[in-house]
Structure formats: C-alpha cells, structure tokens
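Asks: Top to bottom, those sequences are chains G and W.
When you read off a place in the first sequence, starting at 1, and then add 6, the result is the number in the working numbering.
When you read off a place in the second sequence, starting at 1, and then add 382, the result is the number in the working numbering.
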Amino acid sequence: NAGVTQTPKFQVLKTGQSMTLQCAQDMNHEYMSWYRQDPGMGLRLIHYSVGAGITDQGEVPNGYNVSRSTTEDFPLRLLSAAPSQTSVYFCASSYGVPNEQFFGPGTRLTVL
Amino acid sequence: ELKVEQNPLFLSMQEGKNYTIYCNYSTTSDRLYWYRQDPGKSLESLFVLLSNGAVKQEGRLMASLDTKARLSTLHITAAVHDLSATYFCAVRQTGANNLFFGTGTRLTVIP
Chain G
7 NAGVTQTPKF QVLKTGQSMT LQCAQDMNHE YMSWYRQDPG MGLRLIHYSV
57 GAGITDQGEV PNGYNVSRST TEDFPLRLLS AAPSQTSVYF CASSYGVPNE
107 QFFGPGTRLT VL
Chain W
383 ELKVEQNPLF LSMQEGKNYT IYCNYSTTSD RLYWYRQDPG KSLESLFVLL
433 SNGAVKQEGR LMASLDTKAR LSTLHITAAV HDLSATYFCA VRQTGANNLF
483 FGTGTRLTVI P
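Here it is as structure tokens:
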C-alpha cells in the first residue's frame, strides 16, 4: 500500500511554461484534493474531486486545471506558470467527503 | 468565505508544561480537523471532530469542539520535545466539500 504518491518532488519552471503535477492513491478513496502551501498562509484548496469524472474549484483555482478520469489519479495542470505559483503543492485523499485526509509527500515548485 | 483563525501562531513551551491551541471559525461547520506537520514534511491527520461537544484524545494531545462558539481547542498535556511541530486546524463548511485551513501554530518544546 503506497498511500498517496506525488511526482515530481522538485520542479523548476520558467514563466510561461506548462506542466502537470501527478498524484495517485491506491486506497480506493473517492475524495481527492490539491492544496498549495505558502509561508504564513497555511494550506489553500485549489481543486477537489468527489469521484471519477467530477471536479470542482476550491479557494484558489485560477491558473490550474484538473481532471479525474480514474479513481486513482488526480493530476494538476499548470497552464502557463507564473512566479506567484511558486509554492509547495500537496495532494490528499480521503474515504468519504471528506473524512480523515491522507496527504502525499508534496511537490516543491519554483517558477523563475 | 469561511475564515479560520488559530492562536497563538508561535508557541514556545517547556517540557512538562500544559498549553492549549485555539481554532476559531467564522461560519457554521459540521466537521473540524487537526493536522500535524514536521518541518519539510507532509501533513499527518490527528483528529476529525464531527459534532458539538466531541472530544478526542491521543497520547498527550486532546481535541475538543464547541460548534455553538465556533471554537476548537487542542490541549497539550505535559509537553515533550517530540511534540515540536506545526499544528493546523481545518474546517469544512456545513454541507460543502471544501476545507479551509488555519495558518498554523508552530510549537517548540524546550527541554
């Protein structure tokens, strides 16, 4: 049981580049979510999904897209990276909507 | 938008002492969460509180919820160095599927 996995662990992008952060879970959880963590601001919800084919916006969705084609995977796409998107990104999943959440190890993204 | 406030933001305490972290939120909620984060690491779930008056305990940590006051507390009993971490509360607005986090309380336990 790998839990929640995220790739890559670190990424450096140039302004305007696009990329996809990968998130996968092997616990058959319906609920998955993406957060960003910035110093002094706690975690803020970007997007979430309550099941395959269903996604919704969180608190800070601008500049990010998600899709959920399978229960296991929930990728986060940055369309055109900006320095303001420099952050640590966490993916989480839970059984139910939402119960105890299990967090992935995080991706540290720097946009130059 | 739901606002979540934690205090204190920073807490330095001696081993063996007791202290409480407070989490206030601005609108009705049906679920409150506490997490722990060690420096450079991910978040670990501590407690999920579901109803008014709920109390949960694990080791030296005890969490409680007062939905009428929109307040949750995380009480630390006889602190030990291993409890040094940042503690976050998060709140789910009633009937919604998104969570709002507090800014965290960085706890340092001094030997």
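Built from N, CA and C at the ideal position, the CB exists for glycine as well.
Owing to the predicted nature of the structure, the values given are computational and were not obtained by experimental measurement.
With burial defined as no fewer than 16 other Cβ atoms inside 10 Å of the residue's Cβ, what is the status of Phe482/W: buried or exposed?
Replies: buried
Asks: I need the boundaries of the beta strand (DSSP E) containing Gln475/W, first residue and last residue.
Replies: Ala467 to Gln475
Asks: Please confirm whether Ala30/G and Glu78/G have their CB atoms less than 7 Å apart.
Replies: It is a contact, given that the beta carbons lie within the stated cut-off.
Asks: Chain W partners of Asp62/G, CB-CB under 9 Å?
Replies: Contact annotation for Asp62/G against chain W: Asn479 and Asn480 [CB-CB distance below 9 Å, chain order].
Asks: Cutting at 6 Å between CB atoms, please list the residues of its own chain near Thr410/W, excluding the five before and the five after it.
Replies: Result list for Thr410/W: Thr476, in chain order.
Asks: Please go through the same chain and pick out, in chain order, the residues whose beta-carbon is closer than 6 Å to the beta-carbon of Ser99/G, but skip the five residues on each side of it.
Replies: Val10, Gln31, His35, Met38 and Phe108
Asks: Taking the alpha carbon of Ile60/G as the reference point, which residue from Asn479/W, Ser427/W, Gly422/W and Val462/W has its own alpha carbon closest?
Replies: Asn479/W
Asks: For His53/G, count neighbouring Cβ atoms within 10 angstroms of its own Cβ and tell me buried if that reaches 16, exposed if not.
Replies: In the assembly as shown, His53/G is a buried residue. Its beta-carbon has 16 or more other beta-carbons within 10 Å.
Asks: When the Cα atoms are used, what is the spatial distance from Thr402/W to Ser73/G?
Replies: 40 Å
Asks: Shortest alpha-carbon distance to Asp62/G belongs to which of Met47/G, Phe80/G, Leu49/G and Gly48/G?
Replies: Phe80/G
Asks: Relative to the C-alpha of Ala461/W, which residue among Val491/W, Leu453/W, Ala436/W and Asn434/W is closest?
Replies: Val491/W
Asks: Please confirm whether any heavy atom of the ligand HEM lies closer than 6 Å to the CB of Ala87/G.
Replies: Looking at this structure, you won't find the ligand HEM or any other ligand, since it has none at all.
Asks: Measure the beta-carbon distance from Leu115/G to Leu19/G and round it to whole angstroms, keeping in mind my assumption that it falls under 8 Å.
Replies: 7 Å
Asks: Does the distance from the CB of Ser454/W to the CB of Leu489/W come in under 7 Å?
Replies: Contact flag unset, no.
Asks: If we cut at 7 Å on Cβ distances, does Thr449/W have a partner in chain G?
Replies: no
Asks: Per DSSP, which residues does Asn389/W bridge with? Please list them.
Replies: Tyr404/W
Asks: Going by DSSP in three states, Gln17/G sits in which element: helix, strand or coil?
Replies: Note: Gln17/G maps to strand in three-state DSSP.
Asks: Using only alpha-carbon positions, find the residue among Ser86/G, Tyr95/G and Gly46/G that is nearest to Lys423/W.
Replies: Tyr95/G
Asks: Measure the C-alpha to C-alpha separation of Phe429/W and Ala445/W and round it to an integer number of angstroms.
Replies: Answer to the nearest angstrom: the Cα atoms are 7 Å apart.
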